[in-house]
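A quick write-up on the structure given underneath.
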Amino acid sequence: MQKAELDHVRNWFGSSLGDKVLEVEKAILDQLLPGFFGYHLLQLSVQQAPLYQSSPIQHKFDMGIIESDGSPFVARATELPLEGDSVDVVLLHHILDFCRDREQILREIARVSIPMGHLVVVGFNPVSLWGGWKVLAAAGKSAPWNASFIRAGRLMDWLNVLNFKIDRAQYGIYGLPVTRTFLKGGVPDYTRGISRGANWPFGAVYVIVARKQVGTMTPIRPVWRPQRAFGKLTVVRPTGRNMARNTRE
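FYI, our numbering numbers position 143 of the sequence shown as 989, with every residue one higher than the one before it.
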């Protein structure tokens, strides 16, 4: 992603509409992240505000996208300078919507995630009023309409191929992006549990939680060695009667 394009996206998240989207997303994350434990949490986001304050993990850090970012860590999402199986929780916040090589980004996340580690993906849902607005308004040159909204089912298929198991999918924001009702409406109260609120699969944003599964073990097959027929039979020594008969013969 070029700096000018990234600045445009960040300016939108700083607008009244984008800020309201962040509020709703953070309210959902505040209910999900406390249930994930470990040593390291990585956030990759197109905007710079941390969204992981509710996580009990001690070491939480952001990965900057461009050199001008204030983060001490700057890298491409497709080439993370991290060891394999080293991160307990990865938070992808709209990175897949605005960055290219989305499959490669997910492969890199699968590489650095520990077995049984959690991946949290926040993205725009094309099967929503916002997805319809993106198509009908033909506003493809301005953020967030220049993003490539990924269908949740397609994203889940990609994660399954990378050996991630889907734990849950939470949806939010059901109004149009231009209505005053949406701008004036309060953030949904998820403090009693996000499962109690509406979770229809046509919300403008989704939060998908997946868990990296341990690699399947290769079964050990027994090695069959060729044996001679009757190789296990023992020779019976002749008795005295048999010896006498054999002598007479």
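Idealized CB from N, CA, C, for every residue including glycine. Owing to the predicted nature of the structure, the values given are computational and were not obtained by experimental measurement.
{"query": "Taking 8 Å as the threshold, find out whether the region 888-902 comes into contact with the region 1047-1059 through three or more Cβ pairs.", "result": "no"}
{"query": "Output yes or no for whether 9 Å exceeds the beta carbon distance between residue 908 and residue 888.", "result": "yes"}
{"query": "Going by the CB atoms, is the gap between residue 878 and residue 952 shorter than 9 Å?", "result": "no"}
{"query": "To the nearest angstrom, how far is it from the Cα of residue 954 to the Cα of residue 862?", "result": "33 Å"}
{"query": "Considering only DSSP beta bridges, list what residue 1055 is partnered with.", "result": "966, 1014"}
{"query": "Using alpha carbons as the reference points, say which of 924, 874, 938 lies closest to residue 892.", "result": "938"}
{"query": "Starting from the Cα of residue 989, find the closest Cα among 856, 847, 849, 848 and give me that residue.", "result": "856"}
{"query": "So, are the CB atoms of residue 1043 and residue 1034 less than 9 Å apart?", "result": "yes"}
{"query": "Give a yes or no on whether the C-beta atoms belonging to residue 1051 and residue 971 are separated by under 9 Å.", "result": "yes"}
{"query": "Roughly how many angstroms lie between the CA atoms of residue 867 and residue 929, to the nearest whole one?", "result": "33 Å"}
{"query": "Determine the direct distance from the alpha carbon of residue 1019 to that of residue 976, and round the result to whole angstroms.", "result": "9 Å"}
{"query": "State yes or no: is the C-beta of residue 890 within less than 9 Å of the C-beta of residue 941?", "result": "yes"}
{"query": "Restricting to Cα atoms, I'd like to know which of 871, 923, 1024, 853 is closest to residue 1054.", "result": "871"}
{"query": "Under a Cβ-count criterion, where at least 16 other Cβ atoms within 10 Å of its own Cβ denotes burial, should residue 905 be classed as buried or exposed?", "result": "exposed"}
{"query": "Please determine, among 945, 1016, 1047, 1036, the residue with the shortest C-alpha to C-alpha distance to residue 851.", "result": "945"}
{"query": "Rounded to whole angstroms, what is the Cα-Cα separation between residue 910 and residue 853?", "result": "13 Å"}
{"query": "Based on Cα-Cα distance, which residue from 869, 874, 961, 917 lies nearest to residue 884?", "result": "961"}
{"query": "Between the Cα of residue 966 and those of 996, 943, 1013, 914, spot the shortest distance and give me the residue it belongs to.", "result": "1013"}
{"query": "Specify, as a first and last residue, the run of the alpha helix (DSSP H) that residue 1035 falls within.", "result": "First-last for residue 1035: undefined, no H or E at that position."}
{"query": "Going by alpha carbons, who is nearest to residue 894 out of 874, 886, 924, 858?", "result": "858"}
{"query": "Look up residue 892 in the DSSP assignment and say whether it is helix, strand or coil.", "result": "coil"}
{"query": "Do residue 959 and residue 920 have their C-beta atoms within less than 9 Å of each other?", "result": "no"}
{"query": "Beta-carbon within less than 7 Å of residue 979's beta-carbon, same chain only, minus the 5 sequence neighbours each way: which residues are those?", "result": "1022, 1023"}
{"query": "If you run the structure through DSSP and keep just helix, strand and coil, what is residue 994?", "result": "coil"}
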